[in-house]
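Taken in sequence, the protein lines are chains F and U. Going by the numbering used here, the first residue of the first sequence is number 174, and it counts up by one from there. Going by the numbering used here, the first residue of the second sequence is number 174, and it counts up by one from there. The beta carbon of each residue, even a glycine, is placed where N, CA and C say it ideally should be. Just so you know, these numbers come straight off a predicted model, no measurement behind them.
2 protein chains.
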Amino acid sequence: MSKGQATKASILHEALQVASTVGFEALSIGQLAERTEMSKSGLFAHFRSKEQLQLQALDHAAAWFTDAVVRPTLKASRGEPRVRELFERWLVWETEVFPGGCVFIAGSNEYDDQPGLMHDSVVNHQRDWAEFITTVAGTAVSEGHFRPDLDTGQFTFLLQGLMLGYHHAARLLRDPRAVDRTRSAFEQLLASSR
Amino acid sequence: MSKGQATKASILHEALQVASTVGFEALSIGQLAERTEMSKSGLFAHFRSKEQLQLQALDHAAAWFTDAVVRPTLKASRGEPRVRELFERWLVWETEVFPGGCVFIAGSNEYDDQPGLMHDSVVNHQRDWAEFITTVAGTAVSEGHFRPDLDTGQFTFLLQGLMLGYHHAARLLRDPRAVDRTRSAFEQLLASSR
DNA sequence: AGCAGAATAGTACGACCGTTCGTTTCTGTC
DNA sequence: GACAGAAACGAACGGTCGTACTATTCTGCT
């Protein structure tokens, strides 16, 4: 990896730390330059526009997410164990990776009603993720772990809502019971899917 | 109502329209002055700081929410009917009231990791709301509609997650099945609470 | 009708924003 | 070790931000 690529990666990493707490729109070139100990113009040269910085930060997070959640999930054995692995990895992602919580949730809420490239990118990433969950649930069906008439789309919808609820309770309300509540809800979801 | 109070109310109303799509932090005095056809300074005089504008906009939304959701809910007959009323009113609130979706969800995500008066206010409103849901669920228990050993805190947690999931699916992903999914999940939640 | 105070407007401020441009410093290759 | 291109810097731009002042216009009461 060349020098330029390395700096760029570290900028994007730092950008995600900031974006997780203040959002992507509140990212500012100047502040980011300070945190990375670069000049504004030197940092800017890597992206040539703020929108590009935001987009590439989001893609950086997506690549990270793939490493941390998607790939390990696919390594677990098919069926319910894989669903469990997905859940556990996802929970860790929500909890530990960023100081301000999941950047995708942040992005989803920032751009849900604001047109532009960021909106489109966020939507695409979320659609991919939802599709992935649905597929994993599908393998649990075909393995016979889940009932054959399970609506895997509904399963995904419920799991997504569960995670958003966890984020809300844990992040905003600092509810110490949030993890337990989430785990027990997940078990109930599994039970009703068998 | 005096002239000043009327203008202030209309400013807050407009502020909420904007905040629902771009968030509370992205509210700007200048832009808001344009939309309300006032001078920046004339508008500013009503609040004396941007933070006060944000706080009062949030309180304005809370008062509105009380009228639109809380009061009608309390008018429904105790027990499960009241829980249903809460759900339906809440769903309408999420869907129809603001052009950019629920301002509390917006606020929750903006301030979950940023200290300050806005953070505290958002948390307080959300705690009040959660407490209200729990209480309503409690009446369904005491009326004998829900099982006596129901964990009403868990019920609230699940319902909150369900609504966040709805918001996510309907707003960001524009999933036309979002309402149906939410309703059917709600029915399942009721069933498992009886 | 006139007056007091509320409500609104006008202007200016320093700070920061994203972006541009020309210059300087560093890196990797021969 | 020289040279070319990549990488980073410094200074400046027009614009918007929140806020502070003073001045003007409007409202409601007597």
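Check the Cβ of residue i against every Cβ in chain F and list those closer than 7 Å, keeping chain order.
{"i": "V296 (chain U)", "result": "L345, L346"}
{"i": "S281 (chain U)", "result": "H341, L345"}
{"i": "K199 (chain U)", "result": "Sequence inspection shows Ala at residue 199 (chain U); the Lys mentioned does not correspond to that position. By Cβ distance, chain F contributes E198."}
{"i": "V195 (chain U)", "result": "Q287"}
{"i": "G273 (chain U)", "result": "D286"}
{"i": "L226 (chain U)", "result": "Residues of chain F passing the Cβ test: none, with the nearest at roughly 17 Å."}
Just the chain U side, please: which residues come within less than 8 Å of residue i by C-beta, in chain order?
{"i": "G203 (chain F)", "result": "What G203 (chain F) touches in chain U: nothing, since even the nearest Cβ is about 17 Å away."}
{"i": "L231 (chain F)", "result": "By Cβ distance, chain U contributes nothing, its closest Cβ being about 14 Å from L231 (chain F), past 8 Å."}
Do residue j and residue i count as a contact pair if the criterion is CB distance below 7 Å?
{"i": "S294 (chain F)", "j": "L231 (chain F)", "result": "yes"}
{"i": "D353 (chain U)", "j": "R344 (chain F)", "result": "no"}
{"i": "L185 (chain U)", "j": "H219 (chain U)", "result": "no"}
{"i": "E316 (chain F)", "j": "G252 (chain F)", "result": "yes"}
In chain order, what residues of the same chain lie with their CB nearer than 7 Å to the CB of residue i, ignoring the 5 residues before and after it?
{"i": "Q227 (chain U)", "result": "F197, L200, M291"}
{"i": "T325 (chain F)", "result": "T307, A310, G311, V314"}
{"i": "F359 (chain F)", "result": "F260, L335"}
{"i": "F271 (chain U)", "result": "L189, Q190, S193"}
In angstroms with no decimal places, state the Cα-to-Cα distance between residue i and residue j.
{"i": "E269 (chain F)", "j": "K213 (chain U)", "result": "43 Å"}
{"i": "A236 (chain U)", "j": "K181 (chain F)", "result": "47 Å"}
{"i": "K223 (chain U)", "j": "F238 (chain F)", "result": "36 Å"}
{"i": "Q229 (chain U)", "j": "V191 (chain F)", "result": "27 Å"}
{"i": "Q287 (chain U)", "j": "L216 (chain F)", "result": "25 Å"}
{"i": "R300 (chain F)", "j": "N282 (chain U)", "result": "20 Å"}
{"i": "Q178 (chain U)", "j": "A364 (chain U)", "result": "47 Å"}
{"i": "N297 (chain F)", "j": "D348 (chain U)", "result": "13 Å"}
{"i": "W302 (chain U)", "j": "L337 (chain F)", "result": "17 Å"}
{"i": "G289 (chain F)", "j": "D322 (chain U)", "result": "49 Å"}
{"i": "R356 (chain F)", "j": "K176 (chain U)", "result": "53 Å"}
{"i": "G280 (chain U)", "j": "L264 (chain F)", "result": "23 Å"}
{"i": "E304 (chain F)", "j": "L346 (chain U)", "result": "12 Å"}
{"i": "R221 (chain F)", "j": "R221 (chain U)", "result": "37 Å"}
Can you give me the Cβ contacts of residue i inside the same chain, cut-off strictly under 8 Å, excluding the 5 residues immediately before and after it?
{"i": "I306 (chain U)", "result": "L259, F328, T329, L332, Q333"}
{"i": "L362 (chain U)", "result": "F328, L331, L332, L335"}
{"i": "R320 (chain U)", "result": "V314, S366, R367"}
{"i": "H340 (chain F)", "result": "E267, G274, C275, I278"}
{"i": "L262 (chain F)", "result": "This sequence places Arg at residue 262 (chain F); Leu is not what is there. Excluding residues within five positions, the ones whose Cβ falls inside 8 Å are A241, V242, P245, T246."}
{"i": "I202 (chain F)", "result": "K213, L216, F217, K223, L226"}
{"i": "M174 (chain U)", "result": "A182"}
{"i": "V195 (chain F)", "result": "G273"}
{"i": "M211 (chain F)", "result": "T180, I184"}
For residue i, which residues in chain U fall below 9 Å Cβ to Cβ?
{"i": "F319 (chain F)", "result": "Per Cβ cutoff of 9 Å: no residues; F319 (chain F) is ~16 Å from chain U at best."}
{"i": "I278 (chain F)", "result": "N282, H341"}
Starting from residue i, find everything on chain F with Cβ-Cβ shorter than 9 Å and list it in chain order.
{"i": "V242 (chain U)", "result": "Within chain F, no residue comes near V242 (chain U); the closest Cβ sits about 18 Å away, beyond 9 Å."}
{"i": "R300 (chain U)", "result": "L346"}
{"i": "I184 (chain U)", "result": "Near I184 (chain U) there are no residues of chain F at all, since even the closest Cβ is about 21 Å away, more than 9 Å."}
Mind listing the chain F neighbours of residue i? Cutoff is C-beta to C-beta under 8 Å, in chain order.
{"i": "A137 (chain U)", "result": "Here chain U comprises residues numbered 174 to 367, so residue 137 (chain U) is not present and cannot be evaluated."}
{"i": "Q327 (chain U)", "result": "R354, S357, A358"}
{"i": "G338 (chain U)", "result": "F330, L331, Q333, G334, L335, L337, G338"}
Which residues in the same chain have their Cβ closer than 6 Å to the Cβ of residue i, if we skip the five residues on either side of it in sequence?
{"i": "T209 (chain U)", "result": "I184, E187"}
{"i": "H318 (chain U)", "result": "G252, E253"}
{"i": "A249 (chain F)", "result": "R255, E258"}
{"i": "A351 (chain F)", "result": "Y339, A342, A343"}
Residues of chain U with CB closer than 7 Å to the CB of residue i, please, in chain order.
{"i": "L335 (chain F)", "result": "G334"}
Entirely enclosed alpha helix (DSSP H) segments - the stretch 228 to 290 of chain F, minimum 4 residues: Listed in chain order, they are 244 to 248, 253 to 265, 276 to 284.
Minimum length 4: unbroken alpha helix (DSSP H) runs contained in the stretch 303 to 355 of chain F: Listed in chain order, the complete alpha helix (DSSP H) runs (minimum 4 residues) inside the stretch 303 to 355 of chain F are 325 to 340.
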